[in-house]
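Here the structure is laid out as structure tokens; the discussion comes afterwards.
Numbering (mature numbering (1 follows the signal peptide of the UniProt record, and there is no 0)), first residue to last: -19 to -1, 1 to 161.
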């Protein structure tokens, strides 16, 4: 009887070792935060098909600002992972734009009067890959609530690295409280 109990205990331990302890989805798109519009402080996308989800807290956590400066609005939405040479971040924004609306915007280049998308790699001497007029992306604002300071939406864009390789940012979504 003692051997039977020992065998049963060993079987139970071995079967528990085979379980996925973190119960994370294996499909990258299922690893992204849900597309909400409540100010949930979420941000995520796929980078070349792999999930990119910034942590909830810390220096890489998602952030957004929307400010009226010098007679025009400036928007910044970002999130990152890693640190130092392992840092990766996505930045979306606009410089000197009229009031944001719940519509689609073209992500062009990082100049006054445009919306833009950026993919940043590495620490202080890192690489920044940006959308361009010839290779634009899309930003869709699905909720812009100035009373509750909530901005939500979707995005996607493709940038080209220094070696000519495309980096595809797809299925992007964010739902944040912004500061002003």
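All C-beta atoms in this analysis are idealised placements derived from N, C-alpha and C, irrespective of residue type, glycine included.
Exposed unless 16 or more other CB atoms sit within 10 angstroms - verdict on residue 2
Low confidence applies here, because residue 2 scores a pLDDT of 47, under 50, leaving its location unreliable; read the following figure in that light. Exposed, since its Cβ has fewer than 16 Cβ neighbours within 10 Å.
Grab me the residues of residue 31's own chain with a C-beta within less than 6 Å of its C-beta, minus the 5 sequence neighbours each way, in chain order.
9
Output the boundary residues of the beta strand (DSSP E) element that contains residue 31.
31 to 33
Flag this pair as yes or no: are the beta carbons of residue 118 and residue 138 separated by less than 8 Å?
yes
Residue 113: beta carbon under 7 Å from a heavy atom of the ligand NAD?
As for the ligand NAD, it is missing from this structure, which has no ligand bound.
Cβ shell of residue 75 (< 6 Å), same chain only, five flanking positions each side left out
56 and 96
From the DSSP output, read off the bridge partner residues of residue 20.
Beta-bridge pairing links residue 20 to no other residue.
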